[in-house]
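Below: one structure, written as structure tokens.
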Amino acid sequence: MNNVATPSQTPLDAQSLIFHVPAWSVEAVLALFELPFADLLFRAQEVLRANFAPNAVQRSTLLSIKTGNCSEDCGYCSQSKRHHTGLENQNLMALDEVMAAARAAKEQGASRFCMGAAWRGPKDKDMGPVLDMVRAVKALGLETCVTLGMLKEGQAQQLREAGLDYYNHNLDTAPEYYEEIVTTHTYQDRLDTLRGVREAGLKVCSGGIVGLGESRLHRAGLIATLANLDPPPESVPINNLVAIPGTPLANNEPTDIFEFARTIAAARITMPRSYVRLSAGREQMSEAEQALCFLAGANSIFYGDKLLTTSNPQMARDEALFEKLGLYGV
Ligand code: SAM
Ligand code: DTB
Ligand code: SF4
Numbered sequence: 004m005n006n007v008a009t010p011s012q013t014p015l016d017a018q019s020l021i022f023h024v025p026a027w028s029v030e031a032v033l034a035l036f037e038l039p040f041a042d043l044l045f046r047a048q049e050v051l052r053a054n055f056a057p058n059a060v061q062r063s064t065l066l067s068i069k070t071g072n073c074s075e076d077c078g079y080c081s082q083s084k085r086h087h088t089g090l091e092n093q094n095l096m097a098l099d100e101v102m103a104a105a106r107a108a109k110e111q112g113a114s115r116f117c118m119g120a121a122w123r124g125p126k127d128k129d130m131g132p133v134l135d136m137v138r139a140v141k142a143l144g145l146e147t148c149v150t151l152g153m154l155k156e157g158q159a160q161q162l163r164e165a166g167l168d169y170y171n172h173n174l175d176t177a178p179e180y181y182e183e184i185v186t187t188h189t190y191q192d193r194l195d196t197l198r199g200v201r202e203a204g205l206k207v208c209s210g211g212i213v214g215l216g217e218s219r220l221h222r223a224g225l226i227a228t229l230a231n232l233d234p235p236p237e238s239v240p241i242n243n244l245v246a247i248p249g250t251p252l253a254n255n256e257p258t259d260i261f262e263f264a265r266t267i268a269a270a271r272i273t274m275p276r277s278y279v280r281l282s283a284g285r286e287q288m289s290e291a292e293q294a295l296c297f298l299a300g301a302n303s304i305f306y307g308d309k310l311l312t313t314s315n316p317q318m319a320r321d322e323a324l325f326e327k328l329g330l331y332g333v
């Protein structure tokens, strides 16, 4: 007997690295969207309860550390220099201001602090100050997340070494719809950054937006693409478009709340162990609509009265809602 492994003895993990079979077809995700609403929510609740404490909601606080004047043309975004939204631009914030915001977020109960910069990607000169912010926020005992745009070779590794936990980089919509929304970079650019982030050993936060004018098939395509990342993102933000005057999508129809909840449920079912975040757009939703999203399997929110450039529910309102629903923040 010798101990040389034959192909059939190759450990499963190694095999799946070589022959990665997509876990979810777009058709299978579409079939979830087409279930009767109660059947879909029931399945989402089953999956949530099998993997998480069902009433615990993870809370992340956002801070825009560099605002506006972005070279990119993302159609939904207030921060593109190509859109005239009246936004006040702001250069990279000073470390002490970031620390003050992070301390406040921690006192208010957030477990993660997410710093967002309106860049196509960070320049080499930007990395030093951002790495200092990551180190300092991490030292407060908070989980750290940054969203800085596309990363170049080596930048993800630098972030990892500074103590970063999560990198946020959304796929935003289906591959075939992306160029209707953004022309200054490609879907493949987004996937390449996500691969670099994974290879550096960071956790991935990646999701998308509902309400861009996409079809249900596109929504299924987004969810399938996210679920087929190997492994899927640990954190999946589902944003409801905040229609911002001066952007090309300012006059989009508001998203149907049931379709939005279906998107959350599809994310929950296809990515059972991921935190699914009910993200932008809560300010425009009633309490009952938000409750529907928690029933659909969302177990994370942005917590704090501001997102990046638009408003989010006041913390006191969230506390009151959690009280009414028997939810608790983690
Ligand atoms: N520049 C970086 C990037 O594009 O990855 C980071 C910041 S960008 C503002 C982060 C994400 O916020 C976008 O990918 C999008 O999903 C979300 N977002 C931006 N504007 C939004 C809006 N008006 N409504 C909903 N989500 C929005
Ligand atoms: C994510 O998925 N949503 C956040 C965060 N990741 C960076 C941003 C939402 C932005 C909403 C519009 C604004 O405030 O500018
Ligand atoms: Fe720039 Fe990000 Fe806004 Fe696109 S989404 S315009 S890359 S800040």
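Residue numbers for the sequence shown follow the numbering used here, so the first one is 4 and each next one is one higher.
Note that the Cβ used here is the ideal one computed from N, Cα and C, for glycine as well.
So who's on the other strand from residue i, going by DSSP bridges?
{"i": "residue 150", "result": "119"}
{"i": "residue 212", "result": "242"}
{"i": "residue 280", "result": "240, 303"}
{"i": "residue 28", "result": "Answer is none; residue 28 lacks a bridge partner."}
{"i": "residue 59", "result": "331"}
{"i": "residue 155", "result": "Per DSSP, none; premise fails for residue 155."}
{"i": "residue 93", "result": "70"}
Considering just the uninterrupted stretch of the alpha helix (DSSP H) at residue i, what are its terminal residues?
{"i": "residue 194", "result": "190-202"}
{"i": "residue 1", "result": "Since the first and last residues shown for the chain are 4 and 333, residue 1 lies out of range."}
{"i": "residue 85", "result": "Run containing residue 85: none; DSSP gives neither H nor E here."}
{"i": "residue 75", "result": "Note, residue 75: premise wrong, no alpha helix (DSSP H); not H, not E."}
{"i": "residue 228", "result": "219-230"}
{"i": "residue 264", "result": "260-273"}
{"i": "residue 291", "result": "290-298"}
If you reduce the DSSP assignment to three classes, tell me which class residue i lands in.
{"i": "residue 64", "result": "strand"}
{"i": "residue 161", "result": "helix"}
{"i": "residue 317", "result": "coil"}
{"i": "residue 129", "result": "helix"}
{"i": "residue 99", "result": "helix"}
{"i": "residue 141", "result": "helix"}
{"i": "residue 175", "result": "strand"}
{"i": "residue 111", "result": "coil"}
{"i": "residue 6", "result": "Legend: pLDDT at residue 6 = 38, less than 50; position of this residue unreliable, no value from coordinates given."}
Which whole-angstrom value is the C-beta distance of residue i and residue j, which I expect to be below 8 Å?
{"i": "residue 117", "j": "residue 148", "result": "4 Å"}
{"i": "residue 204", "j": "residue 163", "result": "5 Å"}
{"i": "residue 241", "j": "residue 213", "result": "7 Å"}
{"i": "residue 382", "j": "residue 302", "result": "Any property of residue 382 remains undetermined from this structure, which presents the chain solely from 4 to 333."}
{"i": "residue 107", "j": "residue 145", "result": "With 8 Å as the limit, residue 107 and residue 145 do not qualify as a contact, their Cβ atoms being about 11 Å apart."}
{"i": "residue 125", "j": "residue 158", "result": "6 Å"}
{"i": "residue 76", "j": "residue 187", "result": "5 Å"}
{"i": "residue 143", "j": "residue 307", "result": "Residue 143 to residue 307, Cβ: 15 Å. No contact."}
{"i": "residue 299", "j": "residue 47", "result": "5 Å"}
Given a cut-off of 8 Å on the beta-carbon distance, is the pair residue i and residue j in contact?
{"i": "residue 92", "j": "residue 71", "result": "yes"}
{"i": "residue 228", "j": "residue 154", "result": "no"}
{"i": "residue 74", "j": "residue 123", "result": "yes"}
{"i": "residue 43", "j": "residue 265", "result": "yes"}
{"i": "residue 181", "j": "residue 200", "result": "no"}
{"i": "residue 86", "j": "residue 249", "result": "yes"}
{"i": "residue 136", "j": "residue 161", "result": "no"}
{"i": "residue 119", "j": "residue 88", "result": "no"}
{"i": "residue 217", "j": "residue 270", "result": "no"}
{"i": "residue 224", "j": "residue 179", "result": "yes"}
{"i": "residue 328", "j": "residue 294", "result": "yes"}
{"i": "residue 209", "j": "residue 197", "result": "yes"}
{"i": "residue 121", "j": "residue 69", "result": "yes"}
{"i": "residue 101", "j": "residue 226", "result": "no"}
{"i": "residue 267", "j": "residue 35", "result": "no"}
{"i": "residue 358", "j": "residue 67", "result": "Within the shown structure, residues of the chain are numbered from 4 to 333, placing residue 358 beyond reach of any answer."}
{"i": "residue 333", "j": "residue 59", "result": "yes"}
{"i": "residue 259", "j": "residue 206", "result": "no"}
{"i": "residue 132", "j": "residue 95", "result": "yes"}
Would you kindly report the start and end of the unbroken beta strand (DSSP E) that includes residue i?
{"i": "residue 54", "result": "Premise fails: residue 54 lies in the alpha helix (DSSP H), 40-54, not in any beta strand (DSSP E)."}
{"i": "residue 171", "result": "169-171"}
Heavy atom of ligand 5 less than 7 Å from the Cβ of residue i, yes or no?
{"i": "residue 152", "result": "As far as ligands go, the structure on display features ligand 1, ligand 2 and ligand 3 and does not contain ligand 5."}
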